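*Asks:* Using my numbering, you'd call the opening residue of the sequence shown number 13 and step up by one each time.
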Amino acid sequence: MNSRDSQAVVIKPNKGPVLLPPSSSAHARIVSGSLILLAGSGLVGVANLVYNIAVARMLGPTGFGQATAVYTLLMLMSAVTLSFQIVCAKLVANHEALPDKGAVYKALHRKAWRVGIAVGALMIVGRGLISDYLNLPSTLLIVLLGVGTAFYIPLGARRGSMQGTYAFHLLALNLIIEGLVRLGGAFALIKLGMGVTGAVLASIAAVIIAYLFAAPASGLEFVKGLRVPTSFREGLQAIVFFAGQVVINNFDIVLVKHFFPSEEAGLYAAVALVGRFVNMCAWSVVSSMFPVSAAARPGERGGRSVLFTSLLLVMLIIGVVLFALWMVPGFFWRVMFGAQFELTRYGSISS
Numbered sequence: 013m014n015s016r017d018s019q020a021v022v023i024k025p026n027k028g029p030v031l032l033p034p035s036s037s038a039h040a041r042i043v044s045g046s047l048i049l050l051a052g053s054g055l056v057g058v059a060n061l062v063y064n065i066a067v068a069r070m071l072g073p074t075g076f077g078q079a080t081a082v083y084t085l086l087m088l089m090s091a092v093t094l095s096f097q098i099v100c101a102k103l104v105a106n107h108e109a110l111p112d113k114g115a116v117y118k119a120l121h122r123k124a125w126r127v128g129i130a131v132g133a134l135m136i137v138g139r140g141l142i143s144d145y146l147n148l149p150s151t152l153l154i155v156l157l158g159v160g161t162a163f164y165i166p167l168g169a170r171r172g173s174m175q176g177t178y179a180f181h182l183l184a185l186n187l188i189i190e191g192l193v194r195l196g197g198a199f200a201l202i203k204l205g206m207g208v209t210g211a212v213l214a215s216i217a218a219v220i221i222a223y224l225f226a227a228p229a230s231g232l233e234f235v236k237g238l239r240v241p242t243s244f245r246e247g248l249q250a251i252v253f254f255a256g257q258v259v260i261n262n263f264d265i266v267l268v269k270h271f272f273p274s275e276e277a278g279l280y281a282a283v284a285l286v287g288r289f290v291n292m293c294a295w296s297v298v299s300s301m302f303p304v305s306a307a308a309r310p311g312e313r314g315g316r317s318v319l320f321t322s323l324l325l326v327m328l329i330i331g332v333v334l335f336a337l338w339m340v341p342g343f344f345w346r347v348m349f350g351a352q353f354e355l356t357r358y359g360s361i362s363s
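#1: Under 7 Å, do residue 170 and residue 63 count as touching if we go by C-beta distance?
#2: Going by C-alpha to C-alpha distance, which of 186, 132 and 225 sits closest to residue 56?
#3: Whose C-beta lies closer than 8 Å to the C-beta of residue 291 among residues of the same chain, with five residues either side of it excluded?
#4: Between 61, 164 and 102, which lies nearest to residue 132 when the distance is taken from Cα to Cα?
#5: Which parts of the segment 167-227 are runs of the beta strand (DSSP E), unbroken and 3 residues or longer, counting only runs that do not cross its ends?
#6: Could you check if residue 121 is buried or exposed, using at least 16 other CB atoms within 10 Å of its CB as the buried criterion?
#7: If you compare alpha carbons, which of 52, 61 and 51 is closest to residue 287?
#8: Out of 267, 97, 330 and 226, which one is the CA nearest neighbour of residue 142?
#9: Counting only the same chain and skipping the five closest in sequence on each side, list residues whose C-beta sits under 8 Å from that of residue 347.
#10: Indicate the three-state DSSP secondary structure (helix, strand or coil) for residue 369 in the structure shown.
#11: Tell me the DSSP secondary structure of residue 146 in three-state form.
#12: If you drop the 5 nearest sequence neighbours on each side, which residues of the same chain put their C-beta closer than 8 Å to that of residue 284?
#13: What's the gap between the Cα of residue 35 and the Cα of residue 294?
#14: Identify, in the order they occur along the chain, each residue of the same chain with its Cβ nearer than 7 Å to the Cβ of residue 210, setting aside the five sequence neighbours on each side.
#15: Which class does residue 249 belong to by DSSP, given the choice of helix, strand or coil?
#16: Since residue 207 contacts residue 75 with CB under 8 Å, what's their CB separation in whole angstroms?
#17: Spatial neighbours of residue 159 within its chain, please: CB distance less than 7 Å, with the 5 preceding and 5 following residues excluded, ordered by chain position.
#18: Let me know the secondary structure DSSP gives residue 340 once reduced to three states.
#19: Ignore the nearest five residues each way along the sequence and tell me which others in residue 212's own chain have a CB closer than 8 Å to its CB.
#20: Short of 7 Å in beta carbon distance, which residues of its chain neighbour residue 277, apart from the five on each side in sequence? Order them along the chain.
#21: Using the C-alpha atoms, what's the distance from residue 183 back to residue 105?
#22: Do residue 225 and residue 188 have their CB atoms nearer than 7 Å?
#23: Which whole-angstrom value is the C-beta distance of residue 90 and residue 258, which I expect to be below 8 Å?
#24: Helix or strand or just coil, what does DSSP make of residue 321?
#25: Where does residue 93 fall in DSSP's three states?
#26: Quick check: what's the CA-CA separation for residue 59 versus residue 249?
#27: How long is the line joining the alpha carbons of residue 345 and residue 111, rounded to whole angstroms?
#28: Can the beta-carbon of residue 96 be found closer than 7 Å to that of residue 168?
#29: Are residue 101 and residue 176 closer than 7 Å when you measure CB to CB?
#30: Between residue 117 and residue 324, what straight-line distance do the alpha-carbon atoms span, to the nearest angstrom?
#31: May I ask which residues mark the beginning and end of the alpha helix (DSSP H) holding residue 138?
#32: Which same chain residues, not among the five before or five after residue 174, have their C-beta less than 6 Å away from its C-beta?
#33: Looking at residue 349: is its Cβ nearer than 7 Å to the Cβ of residue 68?
#34: Could you work out which residue in 146, 71 and 88 is closest to residue 254 when comparing CA atoms only?
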């Protein structure tokens with residue numbers, strides 16, 4: 013077995029995750045990691061679906077559109093978050109010595125905090141312009157978003173350390189914690205009369221709590237004086253890739269919220285949940301494949317089969333999810349979202 017492929021994370025009582033040699037092959041690691049992350053993503057997807065349904069029913073199309081617009085801005089910031097996560101995962105997986113892994117994580121974590129604070133501050137300064145563009149009722153929503161962004165970007169570095177050490181169970185657990193806090197917090201705060209502000213505050217609280225629970229593996233000790241350079245080119249490539257991904261998957265909400273009436277923007281946000289759910293399920297395979305691929309040496313055998321294994325898993329997941337959505341009867345959507353989300357001028361919700 014390749015020495016680069018010889019580190020994994022397990023749990024020891026009272027000591028947190030530690031690095032120990034695994035016995036599984038790359039294929040087994042991809043499949044098992046995909047299943048773990050798929051199960052976690054499935055639970056997160058259910059929690060997010062219940063969250064969106066609850067917010068939609070309690071706030072109506074207009075309030076739901078406003079809350080979704082703010083949350084979409086946070087998702088746009090995930091281009092930076094995921095860039096730190098993927099670069100951290102690759103460099104941690106690609107280094108053999110534990111001090112080197114720790115040095116990579118610490119360096120990227122510090123940079124992520126600097127970027128997060130800078131981006132969050134820019135949002136707060138420009139809160140008036142952003143609120144006007146999205147037709148939001150209060151600039152307080154953007155202030156909350158700026159605070160959440162400051163934590164959301166370094167959360168990417170922490171999750172990248174889990175991903176790079178194959179701690180897929182910890183990564184899945186962290187995603188679940190974020191989803192459940194968002195769901196429970198939104199339900200409680202809206203019930204207390206906080207409306208859209210409560211829904212946004214719940215999302216920000218979920219990010220902060222997820223960061224606090226995203227502890228890196230205890231084997232990633234940082235040795236004082238040790239510096240492992242991180243590649244600016246790799247970081248730039250990751251940002252360009254994830255910026256494209258995030259814009260494709262989220263920017264439609266921003267445009268609809270600006271150009272359409274508030275009620276129609278809320279209707280669109282409800283329908284758009286389907287595409288986000290499909291994408292989230294397929295992404296679980298990518299998350300498990302990436303560190304395994306990054307740890308392989310150049311020219312090492314099996315790279316092509318790793319790619320095809322992952323591709324087949326993605327196609328299978330997409331096929332199953334789309335077939336299940338096709339089988340859902342139209343009245344199910346009406347029951348979930350309520351009569352106020354009826355698309356009388358556009359056909360049925362199912363189509």
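Virtual Cβ for every residue (Gly too), placed ideally from N, Cα, C. Keep in mind the model is a prediction, meaning the values are calculated, not measured.
*Replies:* Quick look at the numbers:
#1: no
#2: 186
#3: 261
#4: 164
#5: none
#6: buried
#7: 61
#8: 267
#9: none
#10: Residue 369 lies beyond the stretch modelled for the chain, which goes from 13 to 363, so this question has no answer here.
#11: coil
#12: 264 and 265
#13: Its pLDDT being 39, under 50, residue 35 is placed unreliably by the model, and the measurement read from it follows with that caveat. The straight-line gap from Cα to Cα measures roughly 26 Å.
#14: 198, 201, 202 and 204
#15: helix
#16: 6 Å
#17: 132 and 216
#18: coil
#19: 79, 82, 83, 153, 156 and 157
#20: 77, 268 and 269
#21: 15 Å
#22: no
#23: 6 Å
#24: helix
#25: helix
#26: 32 Å
#27: 52 Å
#28: yes
#29: yes
#30: 31 Å
#31: From DSSP, residue 138 is part of no alpha helix (DSSP H); its letter is neither H nor E.
#32: 182 and 183
#33: yes
#34: 88
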